[in-house]
Each structure stands twice: as C-alpha cells, then as structure tokens.
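Before any comments, here is the structure.
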Amino acid sequence: MALSKTLNELASQVGGEVAGDGDVVIHGVAPIDEAVEGEITFLNHPQYRRFLRECRAGAVIVGPEAFDEPQGRRLNLLRCSDPYIAFAKISQLFCPAPRFNGQISPGAYVDESAIVNEGVTIFPYAWIGARAQLGPGSVVFPGVFIGENAVIGAECVLHPHVVVREGCRLGDRVILHAGVVIGSDGFGYAGKGSGRVKIPQTGIVVIEDDVEIGANTTVDRATLGRTVIKRGAKIDNLVQIAHNVTVGEFSVIAAQAGIAGSTRIGKNVTLAGQVGVVNHIEIGEGAIIGPQSGVPQSVPAGAVLSGGVAAAPHHEWLKVMTLLPQLPKLWTSVRRLEKQLAHLLQTVEKEPDRDAGR
Amino acid sequence: MALSKTLNELASQVGGEVAGDGDVVIHGVAPIDEAVEGEITFLNHPQYRRFLRECRAGAVIVGPEAFDEPQGRRLNLLRCSDPYIAFAKISQLFCPAPRFNGQISPGAYVDESAIVNEGVTIFPYAWIGARAQLGPGSVVFPGVFIGENAVIGAECVLHPHVVVREGCRLGDRVILHAGVVIGSDGFGYAGKGSGRVKIPQTGIVVIEDDVEIGANTTVDRATLGRTVIKRGAKIDNLVQIAHNVTVGEFSVIAAQAGIAGSTRIGKNVTLAGQVGVVNHIEIGEGAIIGPQSGVPQSVPAGAVLSGGVAAAPHHEWLKVMTLLPQLPKLWTSVRRLEKQLAHLLQTVEKEPDRDAGR
Amino acid sequence: MALSKTLNELASQVGGEVAGDGDVVIHGVAPIDEAVEGEITFLNHPQYRRFLRECRAGAVIVGPEAFDEPQGRRLNLLRCSDPYIAFAKISQLFCPAPRFNGQISPGAYVDESAIVNEGVTIFPYAWIGARAQLGPGSVVFPGVFIGENAVIGAECVLHPHVVVREGCRLGDRVILHAGVVIGSDGFGYAGKGSGRVKIPQTGIVVIEDDVEIGANTTVDRATLGRTVIKRGAKIDNLVQIAHNVTVGEFSVIAAQAGIAGSTRIGKNVTLAGQVGVVNHIEIGEGAIIGPQSGVPQSVPAGAVLSGGVAAAPHHEWLKVMTLLPQLPKLWTSVRRLEKQLAHLLQTVEKEPDRDAGR
Chain A
121 MALSKTLNEL ASQVGGEVAG DGDVVIHGVA PIDEAVEGEI TFLNHPQYRR
171 FLRECRAGAV IVGPEAFDEP QGRRLNLLRC SDPYIAFAKI SQLFCPAPRF
221 NGQISPGAYV DESAIVNEGV TIFPYAWIGA RAQLGPGSVV FPGVFIGENA
271 VIGAECVLHP HVVVREGCRL GDRVILHAGV VIGSDGFGYA GKGSGRVKIP
321 QTGIVVIEDD VEIGANTTVD RATLGRTVIK RGAKIDNLVQ IAHNVTVGEF
371 SVIAAQAGIA GSTRIGKNVT LAGQVGVVNH IEIGEGAIIG PQSGVPQSVP
421 AGAVLSGGVA AAPHHEWLKV MTLLPQLPKL WTSVRRLEKQ LAHLLQTVEK
471 EPDRDAGR
Chain B
121 MALSKTLNEL ASQVGGEVAG DGDVVIHGVA PIDEAVEGEI TFLNHPQYRR
171 FLRECRAGAV IVGPEAFDEP QGRRLNLLRC SDPYIAFAKI SQLFCPAPRF
221 NGQISPGAYV DESAIVNEGV TIFPYAWIGA RAQLGPGSVV FPGVFIGENA
271 VIGAECVLHP HVVVREGCRL GDRVILHAGV VIGSDGFGYA GKGSGRVKIP
321 QTGIVVIEDD VEIGANTTVD RATLGRTVIK RGAKIDNLVQ IAHNVTVGEF
371 SVIAAQAGIA GSTRIGKNVT LAGQVGVVNH IEIGEGAIIG PQSGVPQSVP
421 AGAVLSGGVA AAPHHEWLKV MTLLPQLPKL WTSVRRLEKQ LAHLLQTVEK
471 EPDRDAGR
Chain C
121 MALSKTLNEL ASQVGGEVAG DGDVVIHGVA PIDEAVEGEI TFLNHPQYRR
171 FLRECRAGAV IVGPEAFDEP QGRRLNLLRC SDPYIAFAKI SQLFCPAPRF
221 NGQISPGAYV DESAIVNEGV TIFPYAWIGA RAQLGPGSVV FPGVFIGENA
271 VIGAECVLHP HVVVREGCRL GDRVILHAGV VIGSDGFGYA GKGSGRVKIP
321 QTGIVVIEDD VEIGANTTVD RATLGRTVIK RGAKIDNLVQ IAHNVTVGEF
371 SVIAAQAGIA GSTRIGKNVT LAGQVGVVNH IEIGEGAIIG PQSGVPQSVP
421 AGAVLSGGVA AAPHHEWLKV MTLLPQLPKL WTSVRRLEKQ LAHLLQTVEK
471 EPDRDAGR
C-alpha cells in the first residue's frame, strides 16, 4: 500500500538532478542519522555533515553547493537548487495529510442553525454555535469551540481545544493548532483603580487563507473593527496578538513573540522568538527583528534589527550590569577628558612657541 | 429592536458637552475609519486624527483639549473630560454583554453534591466536581473544568476550556478567558538529580471580585496557603503567576509577563508586556515597570522603572554586544586616563611656576 | 481518619533531630504565618524568620545552621540536613496524592482498538484515539485528547485539556498539567512568500519517566525523528519546546522559557524564567542560565551565564538606552584619548630632558 518512487521519479517531480543510482527505490523520509535503505534524507544544517560518513540512507537531498562525499562511500544524491523545498515536497508525498471521515459525530454539539458544508468532520465534544458556518472539508477535533456567527472556510484544520469565538472569520486552509484562542477580549479598560471600566471588545478577528497558528497562541478580537492575520502568515506557539493588530501577508512570527494593540506588521516581516512590539506602531515590509528584541517605535521597510543581549559569564555580567546604568556618567567623564586633553594640548603646543620666543 | 439614543441623551448619560447637532440619532459604535451615519466613534490616539477628514460618523467623542475640525467639515462632537471612559460607557450601552439561558445543559457533568445557584448557565462538556459551588448568574462555557470544592462567585464568566482546579475560589464578576488555568501545581521540588522530590502543592488560588484574566494565562496554586489575585486586578493573555504570589488591588499586568514564586505585587501596580519579576520580592504600590524589564529586587512604591532594550540595526548591534561585556574594562581605561591626565595637569601647571622661578 | 504522627516519628521517617517536645502530635502542614497547634511548618526563606516570633505551629522544620529561637518562646524543632526535602516528604505524608476510581467514564470516548490497562481512570469528555495505549494506574482528566497510536505509561496524570497528539510516547509517572500540548506541529516551512511550503512534521515527542510539565506549555513534534524530554526533567508553565529539541535528564526549565529547534539541553541544566535559546546549539551538562537571558551559541558544561538586564529608573534608563548604541563610538573616543595622552606624555616627559639640556 505504501507509496514507492525511484529517485529519478522524485527528481522529475520536485526538480533537481540525480547523482548516483537513479533507480534506487524510495518509500519514506527519515533523519540523516536514522535513515536506512529505501529512505531519503536531507542535509539541512552544516553541523549534520558529520553524519554523512555513517549515512545508510537510500538517497540524500543536497543543495547546489560543493559537496564532499565521505571517503570510500558512494551516496545517491538528489541535487536541488533549494533542498529544503525539495525535502518538503517529497515529505508531503510520502507523509500525506491524514484523511478524515467527513462525518459529524453524534457526540458533538452542532446548533441546528449552523451551516456545515459537505465533507466536514466534527469529532465528539466539539461545540458549534448558532449560525456558525463550516466550509467543505474542514476538520474540527475534539473539544473545539466555535462561537455563534463564526465562519470557518474550506479545508481548515482546528486541532483539539481550539477556540474561535463569536463572529470571528477564518479563510480557507487555515490550520489552528491545539489550544489556540481566536477572538478573546482585547485588554482594554478606561480609568483607574476602583473607577476602572471595561471597554467592550465588540470587534472580531479575521484570519485569511493559508494561515497557520501554533499551539496555545492567543489572538484577541478588536475593540471595534478587526484584528487581521493576512494571507499566508505563519505564527508559532504561545504568541500574543493583541486587539486591532494587523499581521501582513506571508509574515512569520516565532514562538513567544508578542505584539501590542493596534500595531501593523507589514508583509513578509520576520519576528524571531520572544520579540516584543509596542502598540500603535508599524513594522515595514520585509523587516527582520532578531530574537528577544524590544521594538519601541516604527521600523522602516527592509530594516534588520536586533536587541537581544547574549548571556555572559554570571560574575562578569554582574559587573557589566552595575556599570550599565552609569553609562551616562562614563560618557560625561570621556567628554570631560577630551576637553581637558584638548586644552592641555593647546597649552603644550604653545609652549614650544613660548620656548622658541625666549 | 436595536437601541437608539440622541447625542444629547448620550451626553447626559455619560457626562460631556455636545458641539454640533445634539439631536442626531446614534444606534451603534464603530472605528473612526469605518463609522457611518448613526454611529458614534472616538479619537483614542493622536495618529488617528488623519481619519477625521473623511470621517462620516454621526458623532465623535473627543477630549477637552483643543480640537481642530477638518476644513469644510462639520462633525458632531461629544466633548468629555475622559473620552475613553465615555466611549467605554457608550459602548457598553450599545453592545450589552450577551445574555444566557440560565440553564444547565444535560450534556454537561455536574456532580450531585455541587451547589449550583439560580440563573447559572452551564454549557455542554463542562465538568463540575463534587461540592463545587457556583454563584447566581455565572456562565460556564463548553469544556470548562471546575474541580472539587472549588467556589465560583456570582455573575462570573468562565470562557471555553477554563480550568479551575480543586479548592480554588473566585469572587463575584470574575471573567476568565478561554484556556485560563487556575490552580495548577506550583513549580516546587527539593533536592537534585535523581534525588529530587516533588513538594506537594496543597494550597489554593483565591481570586477576588472584578478580576479579569486573559486567554491561556496560568495561575499556580500555593505550596501552602494561597496565591491571591486581589479585587479589580486585570491580567492579560499568556501571563504566568507562580505559587504564593499576591497581585494587589487594581493592578494591571500585560501579556506574557511572569511573576516568580512568593512575590508580592502591590496595589495599582502596572507591569508592561513580557516583564519578568523574580521570586520573594515586593513591588510597591503604584509602581510602573516598562516592557520586557527584568525586576531582580524589590521596588519601592511609586517607582517608574524600565529595563527593555530597544532593537537597533543588526550590524551596529553586533558591535555593541561585543563591547558590552567589556564595559568594566572601558571603565577602568577611563579611570586610568583620568588619573594620568590629572597627574599630567599637575606637572604642566607646575612648569610655568618652575619657569617663573628661573 | 486523618493521619497523626508524633514529632519523633516524623524525625525517624525523614531523618533529622528533634529539639523540644518529640511527643507533640502533628496532623498537618501549614505556612509559617498560619500554622497552629498540631501543624508542622518550615522556614524556607530567611525573610520568613520574622514570623517565628508569633509562630504557633506544633513544630518547625529547620536547617543545620545556627538558629536563634525568638526570645521567651519555646518552639519544637525538627533539625534536618536538607529541611526542604524533609518538608516535601512530610507534606507528601499528610497530603497524599488523591486517589481515583480506576474506571472509564461512559461519558468519555475510547476507541475500541485502544489498550487501557487496569486501574486507569478516564473522566468524561476525554477522547482516546485508535490503538492508543494507557499504562496501569494512569489518570485522564476531562477534556484530555490522546491521539492515535499515542502511548501513555503507568501512573501518569494528564490534567484537564491536555493534548497528546498521534504517535507521541510518555513514560511512567509523567505529570502533564492543564492545557499542555504535546506533539503539535513544529514550525517548519521552506521557501518564501507565496511560494512557501509547509514541511510535514512527521516525527514524534518522547517523554521519559518522571517528567513533569507545567500548565499550557507546548512541546512540538519532530520534523523527522523525535523531540525528547529525558527522565526526571521538570518544566514549568508556558514554556516552548520546539521540534527536535532534546532536554536532558533532571534538567529544570522555568516558566516562559523557550528553546528553538534541534537544540540539545544537557543533563542537570537549569534555565531560569523567560530564557530564550536559539536553534541548533548545545547547552552543556549542569549549565545554569539566569532569567531572561538570550543564549545565541553553545554553552560549555558547568557554565553559569546571565544576560538579564535589571530594570532601572525610567528617566535614567532612557539616557542609558540612548548611549548604549553609541558604545562603539565611546570606545573609539577612549582609544583616541589613550593615544593622544600617551603621545603627550612622551612629549612632556621629553621636556624636562630638554630643560635639563639647556
């Protein structure tokens, strides 16, 4: 039953050039240090080159760069311009997405006014509210909550315990991993102390086509209007997206990053892990923000910023941390030294004249 | 059916003064760039002033400060001392909290010894343990877990998949957003390696009246005694509150902040996003801690602290990061320069005397 | 019914020496400021010494160090080499883990091909997939999802809404707190923009014996192969463990830390709260990384690193943050000053010679 392909067939399907035995039969993918005969693997990071010597894989996907085969070994290679994409495609081929039965479990609750298109699979303990809509082929795992008037597009996958609150809208092929919360109330209050008033969060969240969101990430609904995650954006686990934020097309946000309210993230932006972005700013198209960076103001398109601090030996770091707050003082000292020295230089330079004049 | 009010009526309900047509009829709220006739909007951030020119709203809530109307336009204004509070109140008026049916779904599990007061709504797949109590008017969404002996006050809202573990206690009007976990075990072990022993976490969590907690936030139960979130505190998404922490009245904690064990956060404290606070310290009343700051020691009341590092261009930042650990060395260099220069100055200043004495 | 022990009996069970009345009867544990007659407490932090004066506990567990009893008071002491371990053991004695009924609720879904060993308790609304296995004595709380072919060892506790996705494997005595997600897809894509391709995440997660994982933490499945959490590791709340990471035996990871893909954390490593570790590196055995640190490269065994920045008064911090990016410029200024001064010193030192030569 399992799919089999020759290396030549794979090369013609994903592009790339075979070096070695193109007739070798491949039926699966495996990591470089575990792959055996019949399996294809790939070299995704230079530090795994050391595994090549012992590699018993049926074939290895490699990039266009020079490639030294281990002495005395003969590996079958699939050389590709982008080996990572080739690997992704071959992996999709051998490990196709699971198929579901397209049925609504009697153990689920589906409001009678909900619109469930054909081929939708709903597992037990899912709860679908009034007038919610589910596009064809979507899968709703156990414990998923879909609020009233929420709209889920076609071929979406909502993993266990995903929450999509009332009125929020998902496009097609959206994947929400376990525990994702879409449309929780934004964090908005007016006033202070005992006079503080909750601002109703009456907007929604709109998630466009081909977005994927990682486990336990939270996306708040807008105060008014919409929080928007645009087409093709990919968001990792435990990320916080506040109310009225826009995440641009194809942007990538790594784990534990947080974006405060009303900020606009442009197209093709990359936020690395644990980045924090303040509210009401814009991150321009294609900007890249390094891990743990804080972003306190708008960032122009194409900027590459970092703000993360590399950990150093603890005792040395303590000294650095004692001195860091004194940086202004140090700066003042240096400025004073510069003046004093300049003045002194003038004095000393005059002296020879004075001497000369004697 | 929908509520309608004239601008004059709104002004008298929330306070504030009308400029323009007080008889204009309002039936909803909308963002400044989307509002149309019959809707009221507000100007909550200076950068949205640019939308005023095109604004088609029936009325705009503004603050007491000078306000330049766009040329050639006539907007109806509701001028308020605190426009944000006025907006909150008007929004509550037009978007009242949803009402629930006050019934216990037969698809929920409610232990026969649980005490469920009148008007409580329990959705399918909720699980209520032995001797748990639910105050009048509270709402328990699908998938909520309420452990044995837990107590939920009146008019609380527990969104989907909230977990309130055994023995924990909530006051009245507490809102817990989807995925919140109250009363998970604190992170406590004694000893090391294979000799490590789990310390039973036998305390509880107490959450007082009018607290709101954001999606997927976790609040650990005390080792012994109580973890306490006091009256009116507001906590955002993905926040970590460790065992035995106290969060003071009306304090505000933004997304992804974390507070380590036994720390006491005073009244009216503000922790911005991604702040980290170490264990066993106190943050004094009214203190404000800026985004991403680390707080390694107690903070006096009223302090305003920051520790976040602003992201800078990557290549320049790399240089800064290379030099930062050498700050003590730089400091030493400057001190040495100061001494040398002082000594040199003495020498040079003596010279004229010497000259003079010749 | 409740357990009672004399202080002498406790001393012989956990080790340690009694000072005072060894016949005093103890039936529970309580915090130092709440404990009354019949309860034992312990002094776990120096700052709680102040409570000793008023302490009404039946006995206090203390360490081997000198201990000044409050004037005029006579406390019964249990003096132990490691009071924290003694407290843990006594607490386990008086607060034993709850027992469950060992039955499968008819309100749960258990696939007919799943293998459920004896003594397993499954609560309502749990969902157990095809061919999943549950070891003897394990407890599955409401809303837990166990995917197809997943394996849960003996005496595990899966708190409400835990997700263990298909094929993942847990050892014995594993505790997963509420909302933990095991086996969500790793964050892996190839290509860019509209050409981006999802890399199937076909590996699994392996969690060894005696691991405990805190609420809402996420552990991604491997792209290929395994993400591994080794024996005895303890992981706090809201932690992110990316695909193909290995966490070593007995390592401890505090709340909100994040570990990027393929990184290997050694044995007995400690990561404090909010630490971020980049991908494809190794943290050596026994290393300790302080709170909020960023770890951009491999760390040798035994290293003790810090990178967290202590919050400082906001206005001063603003100045520091303005100057920090200019650190290279400051460094250059100091170097120039050093050269100029050295040159000047030479000149001036020559002068006396010149004078002398006159």
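Chains as they are written, first to last, in the working numbering: chain A, 121 to 478; chain B, 121 to 478; chain C, 121 to 478.
C-beta: ideal position from N, C-alpha, C; glycine also.
Note that this is a predicted model, so its numbers are computed, not measured.
Which whole-angstrom value is the C-beta distance of residue i and residue j, which I expect to be below 8 Å?
i, j, result
"residue 112 (chain B)", "residue 210 (chain C)", "In the structure as shown, chain B starts at 121 and stops at 478, and residue 112 (chain B) therefore has no counterpart that could be examined."
"residue 396 (chain A)", "residue 421 (chain A)", "With a Cβ gap of about 20 Å, residue 396 (chain A) and residue 421 (chain A) do not count as contacting."
"residue 247 (chain A)", "residue 166 (chain B)", "Not confirmed; about 42 Å, so no contact."
"residue 274 (chain C)", "residue 256 (chain C)", "5 Å"
"residue 264 (chain A)", "residue 281 (chain A)", "7 Å"
"residue 152 (chain C)", "residue 181 (chain C)", "Rounded, the Cβ-Cβ distance is 10 Å, inconsistent with contact."
Among the options, which residue has its Cα nearest to the Cα of residue i?
i, options, result
"residue 320 (chain A)", "B:213, B:433 and B:134", "B:213"
"residue 127 (chain B)", "B:286, B:307, B:417 and B:196", "B:196"
"residue 178 (chain B)", "B:138, B:215 and B:330", "B:138"
"residue 323 (chain B)", "B:309, B:287 and B:313", "B:287"
"residue 441 (chain B)", "A:432, A:442 and A:133", "A:432"
"residue 393 (chain B)", "B:376, B:304, B:283 and B:400", "B:376"
"residue 134 (chain A)", "A:400, A:201 and A:340", "A:201"
"residue 340 (chain C)", "C:359, C:351, C:329 and C:330", "C:359"
"residue 269 (chain B)", "B:154, B:277 and B:230", "B:230"
"residue 449 (chain B)", "A:436, A:460, A:449 and A:337", "A:436"
"residue 150 (chain C)", "B:132, B:415, B:344 and B:373", "B:344"
"residue 310 (chain A)", "B:411, B:354 and B:380", "B:354"
"residue 334 (chain B)", "A:313, A:447, A:225 and A:302", "A:302"
"residue 414 (chain B)", "C:272, C:238 and C:426", "C:426"
"residue 373 (chain B)", "B:385, B:458 and B:417", "B:385"
"residue 124 (chain C)", "C:158, C:140, C:142 and C:417", "C:158"
"residue 352 (chain A)", "A:361, A:389, A:380 and A:378", "A:389"
"residue 378 (chain A)", "A:370, A:362 and A:369", "A:362"
Which residues does DSSP pair with residue i in a beta bridge?
i, result
"residue 296 (chain A)", "A:278 and A:333"
"residue 414 (chain B)", "B:396 and C:430"
"residue 369 (chain B)", "Answer is none; residue 369 (chain B) lacks a bridge partner."
"residue 139 (chain A)", "A:197"
"residue 348 (chain C)", "C:326 and C:366"
"residue 153 (chain C)", "DSSP, once it has assigned bridges, lists no residue as partnering residue 153 (chain C)."
"residue 360 (chain B)", "B:338 and B:378"
"residue 309 (chain A)", "A:318"
"residue 401 (chain C)", "In the DSSP output, where bridge partners are listed per residue, residue 401 (chain C) has none listed."
"residue 436 (chain A)", "DSSP output for residue 436 (chain A) lists no bridge partner at all."
"residue 442 (chain C)", "In DSSP, residue 442 (chain C) forms no bridge with anything."
Could you check if residue i is buried or exposed, using at least 16 other CB atoms within 10 Å of its CB as the buried criterion?
i, result
"residue 174 (chain B)", "exposed"
"residue 466 (chain A)", "exposed"
"residue 289 (chain A)", "buried"
"residue 346 (chain C)", "buried"
"residue 221 (chain B)", "exposed"
"residue 475 (chain A)", "Its pLDDT being 48, under 50, residue 475 (chain A) is placed unreliably by the model, and the measurement read from it follows with that caveat. Label assigned to residue 475 (chain A): exposed."
"residue 463 (chain B)", "exposed"
"residue 250 (chain B)", "exposed"
"residue 278 (chain A)", "buried"
"residue 412 (chain A)", "buried"
"residue 233 (chain A)", "exposed"
"residue 271 (chain C)", "buried"
"residue 244 (chain B)", "buried"
"residue 382 (chain A)", "buried"
"residue 144 (chain A)", "buried"
**OP:** Please specify which runs of the alpha helix (DSSP H), each continuous and at least 4 residues long, are wholly inside the stretch 197–263 of chain B, giving them in chain order.
**Re:** If only complete runs of 4 or more residues are kept, the stretch 197–263 of chain B shows the alpha helix (DSSP H) at 203–214, in order along the chain.
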